[in-house]
Every structure is written in C-alpha cells, then in structure tokens.
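Each remark here refers to the structure printed beneath this line.
Chains as they are written, first to last, in the working numbering: chain E, 1 to 443; chain W, 1001 to 1443.
This is how it looks when you write it as structure tokens:
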C-alpha cells in the first residue's frame, strides 16, 4: 500500500465540498501523484471544479492529476476510493417544503431520502461491478439510512462520514476552554450522537457544563444573538441533555424531539431569535450564504488572473475525508468518527444497523472501537425510533409500497389527521421531479 | 399427571371472571377433585366468591374444593396452577383519566400498568419461592408488558391469556356466516393481532370481506347502531385493514392508530354513534354494565334461596383458561391462542418479547407454533412501536427513572407541548393511590 491512489468523486459539482477536498488533498503529502476523477451531471459546475483543482494544485506545485467526466463508470475504472457526495438539489427540497407548509406542516416534508437512496444504490452497484475492492465513502445524506442499505445489500467496504461530531468544540468555546484540548466520545447513529465522555485535559466537563447551565445559560441565551447554525448550546440542546441525561452533539440538536419544531415561535423559543438552522429564516440564510460561497468560487474560478491560494488559503479543513484516505492508503494510523455497521460496536443496538462510532483507521482498514451500551433513555427515546424510521424507509424503498411511505407522514407528530397525511403524500408524489419515485411506489 | 390439581386464583374478587371460572371448572370432568384457592384483598368480595363457588358446585354435585384466604403465600402452597387476574381498580383509572382530560388529553392517561407490573412481579416472586413448578397464568393486563417482564426476570412457566382473538367470529357474523365454521390465524402481540389466515370451510374469506367493504359496509355503518363493544367491523377496523393489509382482530381495533382517538367526534366517525368501547360514552356504559353484572352476582349470592345454576346456567364460557389447565394437567391435547416468549414463533420479532400465537397444549406443556413472518407494514407500523413502548415501560419499572415514564406521555400523539406532558405526569404522580409509584420513580 501507499503512495498515489485514484479517487473518484461522485457529485463533484458541490463546489464548497470539492474546494475543501482539493485543499486537503493538496496538503496531504502522502497522496502526491494521485489521480482525482470528478463526476457530475452538471457540466458547467464540473468544468469549473476541474479547472479550479488543476490551478490550485499548480499554484502549490503539487503533483496531483485531475480528470472530469459525466460518465460515472469511466471514473470508477481503477478507483481505490469512491467519494459519493451527490444528493438531490436544494431547489427540489424547497418545492417539497412549500407544498407541505400549505398543508399545515411547518417546514414541510422532504422525501429526498428516496431519490438519494436510489442514487446511492446505483453508485454502489457500479462500484461492485467496476472496482469492487474500492472504499466507498458516503458523505451525501441520509448517511444513516443509505449506509445501512448499502452495507446490507452489498459486500463493499463502505464508510459514512459526517462532521457533526465536532459540535463538542462549541461546548468548549462557550465554557471558555480551548476546543483543541477537549476530548469527546459521542457515539450513536448519524445525527443522533451523545457525549458519553466529555473531558478537558482529563477533567470531566459535565460538572462544569451543569454549573454553566445553572448560573450562566439564561444570561447567555438572553444576551447572545446566536448565529443560525449555533445550535450546540441552544436551549433545545440543554433541554435534550436534561431529558436524556447526556449532551446531544452537533446535528443531533437540529433534528431530535418533535417538541422543538412545531412552528416558528416554538423554534425561536428553543433555538434563539432566528429559530435555529432549520427554521424558515435560518434555512433561507443558510441557502443564501451557500449560494454566495458558490458564487464566489465560480467568480474566482472564472478569473484567470486570480490567485486561488490567496482567495482560498491552503489550510486544512476539519473534514476527516482526506486524512482517512491517507490512513487507509498509507497506513497513517489514526482515530476517526465513522459510520459503519454496528456488529457489536454499540452494545444493545442491532448488528445490521450502521452506527456512528470512533474507529482505528490504518492500512488494516477501519476497525470500529467498541463503546459499550448507551443509556436506556437515549436508546429507547431517540435511537430506536430513528432506527424504526430507517427500517420503514428501507422497506418502502425495497418493496415499492407507498403505504410504507405514508407512515413517514402519519407518524410525524405534526400530522393531525390521516387525510392530511394522505393528501400531502399524494401532492408530493405529483411533483414533476418525483415522477420516477411515484412510479416505483405503487398507489 | 392427570386428575385433581390445586389452582390458586389471585384477584378472585373479579366477580365476572371468577363466576366464569367456577362454571368452566364445574363442567370440566377431568379436573374433578381439584382444589381452588381464592385470594383477594377485598374480604367481602372474597367471601362472596367463595360461597358462590361452593354452592354452584354443590348444586351440580361436582367434587371441587374451594378455599379462600387473604394470604397469597398460603394459597400458593402446593399450587400447580396460579391464575393472576388482579389489577388496579377501575375507580383509580377513572381518576387518572379525569385528570388527563383536564389537561387536554381526551380520555386521559392510565398509568395502571405500573402498579399492575409491580403486582405481577410480586406474585411471580412468590411463585418462584413457594411453588416454582407451577404454571403462572396471567390474565390481568397488561398481558404483553407483564408477561415479557416476568419471563425475562424469572424462569417460571408463564402463559398470558386474552380472549380478544375471538373477534374473528364477529367478522363471520356480519358476513352472514356461521362463526363456528370459521378458522382464523391471528398472530402478533397481545392487543395487536392480525388475521394472516381467515377461512370459512377452507375458503379464503378475504375476497368476501373485500366485497362486503365495497358494496355493503357503508349501508351497514349507516343503518347499524353498533353496540359499544362492536369494534370488530367498525370503520376503524376496515381503515386499519386498508392501511396495513390484514384485518386487525379483537382489541387491536380499540387501541391501534392515534388517528382514531383524538376526541369524541373522531371516535364517533370511526367507531359509530357511541364512539366505540373506549369513548367517554362507551366506557361509561361498560363500567355501568359491569357494575350491574357484579351487583347481580352479589345479590344472587346473598340470597340463600336462589338457585345459582338457574341464575347462571352451567354452559361453558369461551375462555380458554380451564381447557388449557385440563390440557396441561391431563394431556388433553389442544390448540390454543397463548402469549409466550417469541423465540422464533414469529420470524423477525425479537426472541425475548412475548408474542401471541397459537400453541399445541398438552401434557408436554405449551409448544408454540411457528407462524412465519408478518407483513412489514404490520411489524414496522404497529408491532415494533408497541414493543418500544413496552421496553420503555419495563426500563422505567426496572430503573425507577421518571424521565422514562415521561416519554410515555411525550410520545403520545395527543401531546402538544413538553410542559403539558410534564405537568400531567406530575399531577398523575400526585394522586394518593400513586404514592408508592411516585416514590419508586425518582424526580
């Protein structure tokens, strides 16, 4: 093992993601000489990313080869690593949300998991056929549902990645501590992870956190105007901690607990003046900033006189993607938070469900670290219900049973009547971009 | 084996239950010479049942011995069969309901499962100590949660019984068929069972049912004034069939699907003019009729000149209790619907959960019949969520964690805010008869 590899990037048109990947690759000396093959269905974005990558590497004098193709199969030829970051567009999701809101669901429904699973399985089948020994690295959502599906349906080497677990750093910041000196173990399932261990230089941080909650949190929430994505220390996070007994980490705070999400007023109460990342306000801001960042990347990339490494300085991102590839390819042994089939890593959860746990990653592969049992409240209140939702999704996906999908709406706490759920599902199915899904799901 | 046995009846003051038991025992020739030891905490009821039993047997000239005691341990001495029918009083449950209704929950909450589990475990521990080889027959509710708990915590021979599966007979009646010639296989978990097979003289009844739904059901619902307990052919039952693909049987129709139970109007829509068995109207009628039946039993029992076998003719009930004891004691091989640990009887459900399946009962014991896998809709929409609820209850019971109990309310579809759930739980805990539960559950 070691040295140069071939990496295929599916959905490379995600400009922010790909720019981060390019930066990290250029900074990873052990991967010099590698080839990166970008794939996207959007030729304009693909062209832009490809040119950007070449120029960035050239400015740094780094030996990396970049290819581009609309032909996924070509990109997979000889690949040892396949990164799948593709997902349905935000525009489609917004159309679904709007339609749900008209029917009494604040922030609506997204059925994007269905086409995203379809895409994931298509990629996985191609990998099986063309480069079956490659690592398939899934970063497009839903990581939990998708990785569970793919690891059940194939015998590929699959790992799901997410950066949500870095949320613990924000806890340190707010407590006035250096985030780099905090150590956190936060296992669970993707977007449902909880700090079983939270330490500052070996000192348990929970007592400090409790003290902060008792004496400073109200002041913090009153005076602090949180950014739309500062959910980690929101009232909702502390409430979940109070209910479940461990601190929820990262995106967990965004999606756990129906009681925080019923309407904008409720969201404002729990996530601050903007209603959090996923309120109508917060999400619009996110999309606007994302568009601005993409625009900026496009603008810079279109300017042949721009110095890319000045515009986007060559500092590593916090993403584990490239370090993990380096660890696998070149035996750079390290510990990373990964999403892999449970098989005992978390005691008491089913074996064939993908969990998020730390793992030792090296030339020997990905070796999950057993973290024991999680508290019953967390297992029975949040993880098992989410596992059941995933099972319903996979069953709908497998069987094409539309009634299975109806349950997704029926069991939502916002639903008031069966008719509301049925009517909304039919309306979602009638959206033009959902046609192929509607055809796969019998009436 | 064979011949006379000793049967202890815990909660014998349940007059309707005990009268049925007495009738069936008197009619079961193979159990002549047996001893029945009645136990109850209510001396008046106990005295009445004891006298009633003796007179009833005497009138029939049947050799059965009846004892009574307030001392459970004494009753268990030498018992081969222990029937536990004890449960919290309806009065306490009504007080809990009223309190929930004041807080926006139609029909409120009953936490009676908690004291009932406490009682079941106390009986099970006594059986373990005093008559460990006895069969413990659980008929008090919650059968599902209680039998799962007891079979996990002890190594006793435990079986849960319920008559809900006879609901299939009502399907036959409404279709104009002789119920005695219908065969139905309805496995699941107690109060969540579904007809995988429904036949009339070997003919699949589902097509007939579909025809009835298409051409006659609306007329039936319009013209038929259903009795409060005629839920089996209600709109709710047919809607569940439409959603889940198999006909729900018996009590399943009463408790499945939040969408039928939000308020009285909703219940009337789905269960007919009285709102079904569990509406305020239906339940009040049930309690009234129950009180009338108990009164009548008391009145007759208090009249030394009454001929009991004329007032309560000696015809067998539909309960399987006595036939099962006869089958076990005297090798009267038969097939019965029982609640026992799964261990593969229903494929795809956890092994250590009590399921309701048919079993061959004989001198060899209770041998559950493997019924295969249930449809995914039923498993993922109704059985697994109920299993999760049971796991939360058992965990609350085991750990004394009040937050676990809060989840019972929080996850209820009627709950609109966390405060509502918390306030209601605290109010329930403050009820005088819940004091010992409140003490066991930490704040």
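For glycine and all other residues, C-beta sits at the position ideal for the given N, C-alpha and C.
Taking just the CA atoms, how far does residue 1256 (chain W) sit from residue 1382 (chain W)?
As a first step, residue 1382 (chain W) must be located in the second chain, where it is residue number 382. As a first step, residue 1256 (chain W) must be located in the second chain, where it is residue number 256. So the alpha carbons of these two residues sit roughly 7 Å apart.
Taking 7 Å as the threshold (beta carbon to beta carbon), is residue 268 (chain E) in contact with chain W?
On the first chain, position 268 is the one that residue 268 (chain E) refers to. Output row for residue 268 (chain E): interface = no.
Below 8 Å on the Cβ atoms is my guess for residue 1361 (chain W) versus residue 1329 (chain W); work out the distance and round it to an integer in Å.
Within the second chain, residue 1361 (chain W) is the residue found at index 361, counting from 1. Within the second chain, residue 1329 (chain W) is the residue found at index 329, counting from 1. At roughly 11 Å, the Cβ-Cβ gap does not stay under 8 Å, so residue 1361 (chain W) and residue 1329 (chain W) are not in contact.
Under 7 Å Cβ-Cβ, which residues of chain E neighbour residue 1381 (chain W)?
Locating residue 1381 (chain W) in the second chain gives position 381, counting from the first residue. Neighbours of residue 1381 (chain W) on chain E, chain order: 407.
Chain-ordered residues of the segment 1385-1406 of chain W with a beta carbon less than 8 Å from chain E:
1385, 1388, 1391, 1392, 1395, 1399, 1401, 1403, 1404, 1406
So, with DSSP's three-state summary, where would you put residue 1138 (chain W)?
For the purposes of this step, residue 1138 (chain W) is identified with residue 138 of the second chain, where counting begins at 1. Strand, per DSSP.
Taking residue 1145 (chain W) as the reference, which of W:1371, W:1393, W:1432, W:1433 has the closest Cα?
Walking along the second chain from the start, residue 1145 (chain W) turns up at place 145. Ranking W:1371, W:1393, W:1432, W:1433 by Cα distance to residue 1145 (chain W) puts W:1393 first.
Residue 1001 (chain W) in three-state terms, based on DSSP:
Indexing the second chain from 1 puts residue 1001 (chain W) at position 1. Low local confidence applies: a pLDDT of 44 at residue 1001 (chain W) is under 50, so the model's placement there is unreliable, with the coordinate-based value given in what follows. Three-state DSSP puts residue 1001 (chain W) in coil, outside helix and strand.
Per DSSP, which residues does residue 1066 (chain W) bridge with? Please list them.
Numbered from 1 along the second chain, position 66 holds the residue referred to as residue 1066 (chain W). DSSP output for residue 1066 (chain W) lists W:1036 as bridge partner(s).
So the candidates are W:1008, W:1012, W:1030; which of them puts its Cα closest to the Cα of residue 1331 (chain W)?
To locate residue 1331 (chain W), count along the second chain from 1; it is residue 331. Checking every option, the nearest Cα to that of residue 1331 (chain W) belongs to W:1030.
What span of residues does the alpha helix (DSSP H) with residue 420 (chain E) cover, start to end?
Position 420 of the first chain, counted from the start, is the residue given in the question as residue 420 (chain E). Here the alpha helix (DSSP H) through residue 420 (chain E) covers 418-429.
Anyone know if the C-beta pair for residue 410 (chain E) and residue 427 (chain E) falls short of 7 Å?
Working through the first chain from its first residue, we reach residue 410 (chain E) at position 410. Working through the first chain from its first residue, we reach residue 427 (chain E) at position 427. No, the pair does not count as a contact, with Cβ atoms beyond the cut-off.
Pull up the distance between the alpha-carbon of residue 1375 (chain W) and that of residue 1091 (chain W), whole angstroms please.
Here residue 1375 (chain W) refers to the residue found at position 375 of the second chain. Here residue 1091 (chain W) refers to the residue found at position 91 of the second chain. Taking the straight line from one Cα to the other gives about 39 Å.
Check the Cβ-Cβ distances between residue 259 (chain E) and every residue of chain W, and say whether any is below 7 Å.
The sequence position of residue 259 (chain E) within the first chain is 259, counting from 1. Yes, residue 259 (chain E) counts as interfacial toward chain W.
Quick one: measure Cβ to Cβ for residue 1377 (chain W) and residue 247 (chain E), integer angstroms, because I've assumed they're closer than 8 Å.
For the purposes of this step, residue 1377 (chain W) is taken as the residue at position 377 of the second chain. For the purposes of this step, residue 247 (chain E) is taken as the residue at position 247 of the first chain. 36 Å between Cβ atoms; not a contact.
Residue burial classification, residue 1288 (chain W) (beta-carbon count within 10 angstroms, cutoff 16)
Working through the second chain from its first residue, we reach residue 1288 (chain W) at position 288. That one is exposed.
Once DSSP output is grouped into helix, strand and coil, what is the label at residue 125 (chain E)?
Sequence index remark: in the first chain, residue 125 (chain E) carries index 125 (1-based). In the structure shown, residue 125 (chain E) sits in a helix (DSSP, three-state: H, G or I).
Short Cβ contact (7 Å threshold) for residue 53 (chain E) with residue 22 (chain E):
Against the first chain, residue 53 (chain E) aligns to sequence position 53. Against the first chain, residue 22 (chain E) aligns to sequence position 22. In contact: residue 53 (chain E) and residue 22 (chain E) (Cβ atoms closer than 7 Å).
Considering just the uninterrupted stretch of the beta strand (DSSP E) at residue 1339 (chain W), what are its terminal residues?
What you label residue 1339 (chain W) is simply residue 339 of the second chain in a count that begins at 1. First-last of the beta strand (DSSP E) with residue 1339 (chain W): 1334-1341.
Three CB pairs or more closer than 8 Å across the segment 1012-1027 of chain W and the segment 120-138 of chain E
no
Own chain, CB closer than 7 Å to residue 177 (chain E), minus 5 neighbours either side, in chain order:
Here the question's residue 177 (chain E) lines up with position 177 in the first chain. Counting only Cβ-Cβ distances below 7 Å, and skipping sequence neighbours, we find 200.
Starting from residue 1203 (chain W), follow its DSSP beta bridges and name the residues at the other end.
Here residue 1203 (chain W) is taken as the residue at index 203 of the second chain, counted from 1. In DSSP, residue 1203 (chain W) forms a bridge with W:1200.
From residue 1293 (chain W) to residue 1299 (chain W), what does the alpha carbon distance come to, in whole angstroms?
The residue labelled residue 1293 (chain W) in the question sits at position 293 within the second chain. The residue labelled residue 1299 (chain W) in the question sits at position 299 within the second chain. Cα-Cα distance, rounded: 10 Å.
Rounded to whole angstroms, what's the CA-CA distance from residue 73 (chain E) to residue 1399 (chain W)? Just pull it up for me.
Working through the first chain from its first residue, we reach residue 73 (chain E) at position 73. Working through the second chain from its first residue, we reach residue 1399 (chain W) at position 399. Between residue 73 (chain E) and residue 1399 (chain W), the C-alpha separation is close to 54 Å.
Give the straight-line distance between the Cα atoms of residue 75 (chain E) and residue 69 (chain E), rounded to the nearest whole angstrom.
Counting from 1 along the first chain, the entry for residue 75 (chain E) is found at position 75. Counting from 1 along the first chain, the entry for residue 69 (chain E) is found at position 69. Answer to the nearest angstrom: the Cα atoms are 7 Å apart.
What does the alpha-carbon distance come out to for the pair residue 1406 (chain W) and residue 1432 (chain W)?
On the second chain, residue 1406 (chain W) is found 406 positions in, with the first residue counted as 1. On the second chain, residue 1432 (chain W) is found 432 positions in, with the first residue counted as 1. C-alpha separation (whole angstroms): 19 Å.
Start and end of the beta strand (DSSP E) containing residue 147 (chain E)?
As a first step, residue 147 (chain E) is located in the first chain; it is residue number 147 there, counting from the start. That residue, residue 147 (chain E), is in no beta strand (DSSP E); its alpha helix (DSSP H) goes 143-153.
Is residue 1029 (chain W) helix, strand or coil when you go by DSSP?
Walking along the second chain from the start, residue 1029 (chain W) turns up at place 29. Helix at residue 1029 (chain W).
So what does DSSP say about residue 407 (chain E), is it helix, strand or coil?
Residue mapping note: residue 407 (chain E) aligns to position 407 of the first chain, counting from 1. Helix at residue 407 (chain E).
Using CA coordinates, which residue listed in E:233, E:204, E:203 is at the minimum distance from residue 216 (chain E)?
Numbered from its first residue, the first chain carries residue 216 (chain E) at position 216. That would be E:233, whose Cα lies nearest to the Cα of residue 216 (chain E).
Just verifying my parser: in three-state terms, what is the DSSP assignment at residue 1102 (chain W)?
Reading the second chain from its first residue, position 102 is the one you call residue 1102 (chain W). Coil, per DSSP.
Chain W residues whose Cβ lies nearer than 7 Å to that of residue 413 (chain E):
Your numbering for residue 413 (chain E) matches position 413 in the first chain. Within chain W, the residues near residue 413 (chain E) are 1413.
Closer than 7 Å, CB to CB, is residue 19 (chain E) near chain W or not?
Position 19 of the first chain, counted from the first residue, corresponds to residue 19 (chain E). Chain W, which has no Cβ nearer than 7 Å to the Cβ of residue 19 (chain E), makes this no.
DSSP three-state label for residue 8 (chain E), please.
The residue labelled residue 8 (chain E) in the question sits at position 8 within the first chain. Reduced to three states, the DSSP call for residue 8 (chain E) is strand.
Rounding to the nearest angstrom, what Cα-Cα distance links residue 152 (chain E) and residue 352 (chain E) in this structure?
In the first chain, the residue the question calls residue 152 (chain E) occupies position 152. In the first chain, the residue the question calls residue 352 (chain E) occupies position 352. Approximately 7 Å, taken between the alpha carbons.
Identify the contact partners of residue 1254 (chain W) in chain E, using a Cβ-Cβ distance below 9 Å as the criterion.
Locating residue 1254 (chain W) in the second chain gives position 254, where the first residue counts as 1. By Cβ distance, chain E contributes nothing, its closest Cβ being about 17 Å from residue 1254 (chain W), past 9 Å.
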